[in-house]
Amino acid sequence: MSDIARPPLPGLPSGRAGGVLATYGVWIAAAVVLAVLPHVFASGLALTAMCLMGTMIIFALSYNMLLGQTGLLSFGQAVFFGLGGFLTVHAMNVAESGGVPLPLAVFPLFGGVAGLAFGVIFGAVSTRRAGTAFAMITLGVAELVSSSALILRHFFGGEEGVTTDRTGLVHLFGLTFGPQIQVYYLIAVWCFVSAAAMYALTCTPFGRICNAVRDNPERAGFIGYDTQTVRFISFSLSGLFAGIAGGLAAINFEIMNAAQLGLAQSGTVILMTYIGGVGDFVGPIIGAILVTYLQVALSDVTDVWQLYFGLLFIGMVIFVPDGIAGLLARQRPLLLARQLHRVAPFYALALVPGLAAITGLSMMIEMTNQLAVHVSDGPAMAFLYVPFDADAPLPWLVAATLLAAGTWLFLRAARAARHAYDEALAASRARGRGP
Amino acid sequence: MTSPAPALELIGLRKKFGAMEIIRGVNLAIPSGERHAVIGPNGAGKSTLFHLVSGRYRPSGGSIRLRGEDIAGKAPQLIYRRGLSRSFQVTNIFPRLSVWENVRCATLWSMGYKYSFWRNVERLADARRRTEEILAEINLLDRWRLPAGMLTYAEQRALEIGLAIAGNADILLLDEPTAGMSRAETERVVSLIRRVSEKRTLLMIEHDMGVVFDLADRISVLVYGEVIASDTPKRVKANAAVQQAYLGIEVA
Ligand SMILES: Nc1ncnc2c1ncn2[C@@H]1O[C@H](COP(=O)(O)OP(=O)(O)OP(=O)(O)O)[C@@H](O)[C@H]1O
Ligand SMILES: [Mg+2]
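Just so you know, the protein sequences line up as chains A and B, in that order. Per my numbering, the first sequence starts with residue 753, numbered consecutively. Per my numbering, the second sequence starts with residue 1007, numbered consecutively.
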């Protein structure tokens, strides 16, 4: 069929790049945000948190190359994060003692190369299978590496880990990396470059075939692709970026220990990715920021903060399986068709009882914690600045009422909101014609 | 050299599932450029035969020759890379990918892009042109943006054919391409198949006798895993055994 015979369809992919702003607008905006953030949130705590977030964004994005893009559920992503970190620490120590003239900024590359190398090695084993078998092999590899880390004390430093000094390398442009702000910018640059590279990867033939393998591995074979090869490349490249994240973590903390490559760390990255949303490129970014923020904020106010993560995770899986990014993406057609105002009140209406239910539940958790763990402190405690005794019946009654009534009202409001959403979506479709 | 090797040749092909032998010694030679139809009652083993040829199943015995080379038991992608592409009876697409992406993915290997992770897929002009052509052929151009899983049944059937023809393979296997389609859709697909099989070898399974007699140069009748007749449409129609085993059932 010739080009002339084709009906002119608006919006058919043209392959011609739009203006610089249309193509790179989001990235320019992201770069600007990364540059000004430390001037907006200038406190030491904020800076520490943002350094952590940048590292975790790379880590979560690397994980989503497997889970979201290729449909591979791995339980051992921290293996590459941790090994990348250890390699970086050792490389820094060798460079320092040997006087190798390499600036700190390039050292995350050692982490990346280590992540890639171990990705190739472990990928050769685990990607021979897909699905549950693959997940189990990654779990086995994670166990293997974790236990090796405790045996090979010389390399992994045993319980204490291995320390390094990021200020002891050659100082390029007078950057000592003593001040946290310099580390922030180092992480920000690596985060930006890694995210851009991982995004670019999704726009390549390989990236699209990963999606095809995720959707229907069997058919991928009948269009010419070896699914095992696709999984293997995806796994190896994912290891590369996880290793870079580990290298940055090593530079940030100036210490690496076995916990960084353990199952808990692998669990954290699954949590982040899933909560943020696996179906969208920005999902893991949102998840990494949110979960890191909650980790920092919650661990300050409660010592059972991990419990809240468990609850958040379960809640997300049940109510918002496509994550925060998915939730936002579903509002997009309404926003474009100017229908969002029709559903917004329903969302607000669901939010109030939802928050009440969460308050009731957290109150019960904190009271239980007070009575069971902090026995020696007695029953006197405070929740949301309100002081009371954890063994008195009234607070329990209040908490139970908040939880029960809140949940009931939330479920009703959620149903109404879903109904309103469906109607608004239908209205948007009718208005906009087409999906 | 007297005559070139057939495009596809099955010799004593067998397939057992446990103790059940579903394909029981099939011999078939399809010369290059022929349009060949396989007919037979439900459960005769037609789809199983396609699965064997395309590498989904491993034969229990016999051999499969693609232009003279034995491909029996090879992986689907290896057979595809030798120039054999197929569609499925049960729609087998990439449900979350857009219609556009479905077809484009099916063009990538044949265009030589393979596992390339250094090229921007949107900049591949040849893949884009081919995708557009295919979408126009299967009449899905105006649905290009939609996730394939959201297409109607008939549209998914059309996409199924699109995936099979996108890679320009020279041997095409179509498993009931018109099943579940309306009269008009069937006509459209038949003319599409006629066009795309112009310079290719076509092997298709089809229940619609109108379509079969319209398209096929030769017809093979498969009953209980055996080819009981393989001839021109006219002579197959006249064959008493065929009438008894198959066409009689069709009429009833
Ligand atoms: N994987 C399998 N395991 C066991 N039995 C199978 C398998 N696949 C097919 N069969 C059996 O093989 C027989 C032939 O199936 P096949 O799908 O090839 O028939 P068909 O000729 O394509 O029929 P239809 O016209 O209904 O599509 C059936 O009895 C089926 O139950
Ligand atoms: Mg069949």
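The beta-carbon is built from N, C-alpha and C at its ideal position, and this holds for glycine as well.
- prompt: Alpha carbon to alpha carbon, what distance is there between L819 of chain A and A1166 of chain A?
  reply: Indexing the first sequence from 1 puts residue 1166 of chain A at position 414. Indexing the first sequence from 1 puts residue 819 of chain A at position 67. Approximately 28 Å, taken between the alpha carbons.
message: Any residue with its Cβ nearer than 7 Å to a heavy atom of ligand 2 should be included. What is that list in chain order?
response: B:K1052, B:S1053, B:Q1095, B:D1181, B:E1182, B:I1211
query: Mapping DSSP to helix, strand and coil, what is A902 of chain A?
result: Numbered from its first residue, the first sequence carries residue 902 of chain A at position 150. The sequence shown places Leu at residue 902 of chain A, not Ala. In the structure shown, L902 of chain A sits in a helix (DSSP, three-state: H, G or I).
- request: Mind checking the stretch 1110-1121 of chain B against chain A and listing, in chain order, the residues whose C-beta falls within less than 8 Å of any C-beta there?
  value: R1110, C1111, A1112, L1114, W1115, S1116, Y1119, K1120, Y1121
message: For the beta strand (DSSP E) containing L1141 of chain B, name the first residue and the last one.
response: Within the second sequence, numbered from 1, the residue matching residue 1141 of chain B stands at position 135. Boundaries around L1141 of chain B are those of the alpha helix (DSSP H), 1131-1143, since no beta strand (DSSP E) includes it.
message: Just to confirm my understanding: we take P1037 of chain B, look at its own chain, exclude 5 residues before and 5 after, and list those with CB closer than 6 Å. What are they?
response: Indexing the second sequence from 1 puts residue 1037 of chain B at position 31. Excluding residues within five positions, the ones whose Cβ falls inside 6 Å are P1012.
query: To the nearest angstrom, how far is it from the Cα of V831 of chain A to the Cα of G1078 of chain A?
result: For the purposes of this step, residue 831 of chain A is taken as the residue at position 79 of the first sequence. For the purposes of this step, residue 1078 of chain A is taken as the residue at position 326 of the first sequence. Each residue's alpha carbon lies about 28 Å from the other.
field: Partners in chain B for R881 of chain A, counting only beta-carbon separations shorter than 9 Å
entry: Counting from 1 along the first sequence, the entry for residue 881 of chain A is found at position 129. Under the 9 Å cutoff, chain B gives no residues; its nearest Cβ is about 15 Å from R881 of chain A.
query: If we ignore side chains and look at the alpha-carbon of each, how far apart do A882 of chain A and A812 of chain A end up?
result: Locating residue 882 of chain A in the first sequence gives position 130, counting from the first residue. Locating residue 812 of chain A in the first sequence gives position 60, counting from the first residue. If you take the alpha carbons of A882 of chain A and A812 of chain A, they lie about 21 Å apart.
message: Is it buried or exposed, S1051 of chain A, if we count other Cβ atoms within 10 angstroms and call 16 or more buried?
response: To locate residue 1051 of chain A, count along the first sequence from 1; it is residue 299. Classification of S1051 of chain A: exposed, given that the 10 Å Cβ count is below 16.
- prompt: According to the neighbour-count rule (16 or more other Cβ atoms, all chains shown, within 10 Å of its Cβ), is I1225 of chain B buried or exposed?
  reply: As a first step, residue 1225 of chain B is located in the second sequence; it is residue number 219 there, counting from the start. When all chains shown are included, I1225 of chain B counts as buried.
task: Check whether the Cβ of F974 of chain A lies closer than 8 Å to any Cβ atom in chain B.
output: Mapped onto the first sequence, residue 974 of chain A falls at position 222. With respect to chain B, the C-beta atom of F974 of chain A has a partner C-beta closer than 8 Å.
Opposing strand residues paired with A1235 of chain B [DSSP bridges]: Taking the first residue of the second sequence as 1, we reach residue 1235 of chain B at position 229. Bridge partners of A1235 of chain B: B:V1227.
- request: Show which residues of chain B have a CB atom less than 8 Å away from the CB atom of F958 of chain A.
  value: The residue given as residue 958 of chain A occupies position 206 in the first sequence. The contacting residues are Y1121, S1122, F1123.
query: Does G1297 of chain B get closer than 8 Å to chain A when you measure Cβ to Cβ?
result: Absent from the structure is residue 1297 of chain B, since the part of chain B shown begins at 1007 and ends at 1258.
task: Rank B:I1045, B:V1044, B:I1085 by C-alpha distance to the C-alpha of D1176 of chain B and give the top, closest one.
output: Here residue 1176 of chain B refers to the residue found at position 170 of the second sequence. Considering only B:I1045, B:V1044, B:I1085, the residue with the shortest C-alpha distance to D1176 of chain B is B:I1085.
message: What I want to know is whether the C-beta of G999 of chain A ends up closer than 7 Å to one or more non-hydrogen atoms of ligand 1.
response: Walking along the first sequence from the start, residue 999 of chain A turns up at place 247. The answer is no for G999 of chain A.
- prompt: If you draw a straight line from the C-alpha of G1051 of chain B to the C-alpha of V1059 of chain B, how long is it?
  reply: Numbered from its first residue, the second sequence carries residue 1051 of chain B at position 45. Numbered from its first residue, the second sequence carries residue 1059 of chain B at position 53. Their Cα atoms are separated by approximately 12 Å.
field: Beta-carbon spacing of L835 of chain A, L1013 of chain A below 8 Å
entry: For the purposes of this step, residue 835 of chain A is identified with residue 83 of the first sequence, where counting begins at 1. For the purposes of this step, residue 1013 of chain A is identified with residue 261 of the first sequence, where counting begins at 1. Yes, Cβ-Cβ distance for L835 of chain A and L1013 of chain A is below 8 Å.
- request: Assign M950 of chain A to one of three DSSP states: helix, strand, or coil.
  value: Locating residue 950 of chain A in the first sequence gives position 198, counting from the first residue. Looking at M950 of chain A - three-state DSSP - the assignment turns out to be helix.
field: 6 Å CB neighbourhood of A1182 of chain A in its chain, flanking five on each side removed
entry: Here the question's residue 1182 of chain A lines up with position 430 in the first sequence. The same chain holds no residue with a CB closer than 6 Å to that of A1182 of chain A once the five nearest residues on each side in sequence are set aside.
- prompt: Would you say I961 of chain A faces chain C, with C-beta separation under 8 Å as the test?
  reply: Looking at the structure shown, chain C is missing, and the protein chains on hand are A and B.
message: Can you tell me which residues form a DSSP beta bridge with G1067 of chain B?
response: Working through the second sequence from its first residue, we reach residue 1067 of chain B at position 61. For G1067 of chain B, which the question treats as bridged, DSSP gives the partners B:R1020.
field: Cα-Cα separation between H1093 of chain A and S1180 of chain A, rounded to whole angstroms
entry: Numbered from 1 along the first sequence, position 341 holds the residue referred to as residue 1093 of chain A. Numbered from 1 along the first sequence, position 428 holds the residue referred to as residue 1180 of chain A. If you take the alpha carbons of H1093 of chain A and S1180 of chain A, they lie about 12 Å apart.
message: Counting only beta-carbon separations shorter than 8 Å, does E1107 of chain B have a partner in chain A?
response: Locating residue 1107 of chain B in the second sequence gives position 101, counting from the first residue. Yes, E1107 of chain B lies at the interface with chain A (some Cβ there is under 8 Å from its Cβ).
- prompt: For ligand 1, any of its heavy atoms closer than 7 Å to the Cβ of I1234 of chain B?
  reply: To locate residue 1234 of chain B, count along the second sequence from 1; it is residue 228. No, the Cβ of I1234 of chain B stays beyond 7 Å of every heavy atom of ligand 1.
Segment contact flag, the stretch 912-929 of chain A with the stretch 855-868 of chain A, C-beta cutoff 8 Å, min 3 pairs: yes
- prompt: Taking Cβ-Cβ distances shorter than 8 Å, what residues in chain A pair up with Y1086 of chain B?
  reply: Indexing the second sequence from 1 puts residue 1086 of chain B at position 80. Neighbours of Y1086 of chain B on chain A, chain order: G973, F974, I975, G976.
I903 of chain A versus A:A866, A:T979, A:T1159, A:A1010, residue with shortest Cα-Cα distance: For the purposes of this step, residue 903 of chain A is taken as residue 151 along the first sequence, with counting starting at 1. Considering only alpha carbons, the answer is A:A1010.
message: For a contact defined as C-beta to C-beta under 7 Å, what are the partners of S1060 of chain B on chain A?
response: Within the second sequence, numbered from 1, the residue matching residue 1060 of chain B stands at position 54. Result: F974.
message: Strictly below 9 Å CB to CB, what residues from chain A border P1101 of chain B?
response: By one-based count along the second sequence, residue 1101 of chain B stands at place 95. In chain order: D967, N968.
- request: Verify the CB distance criterion: does G1173 of chain B have a CB-CB separation below 8 Å to chain A?
  value: In the second sequence, residue 1173 of chain B corresponds to position 167, counting from 1. It does; some Cβ of chain A falls within 8 Å.
Simplified DSSP assignment, three categories, for I873 of chain A: Here residue 873 of chain A is taken as the residue at index 121 of the first sequence, counted from 1. Reduced to three states, the DSSP call for I873 of chain A is helix.
- prompt: With DSSP run on the structure shown, which of helix, strand or coil describes L1090 of chain B?
  reply: Stepping through the second sequence from its first residue, residue 1090 of chain B is reached at position 84. DSSP places L1090 of chain B in strand when its eight states are reduced to three.
task: Closer than 8 Å, Cβ to Cβ, to anything on chain B: give me those residues from the stretch 980-991 of chain A, in chain order.
output: T981, V982, I985, L989
- prompt: Quick one: what's S1104 of chain B bridged to in DSSP?
  reply: Numbered from its first residue, the second sequence carries residue 1104 of chain B at position 98. DSSP, once it has assigned bridges, lists B:P1153 as partnering S1104 of chain B.
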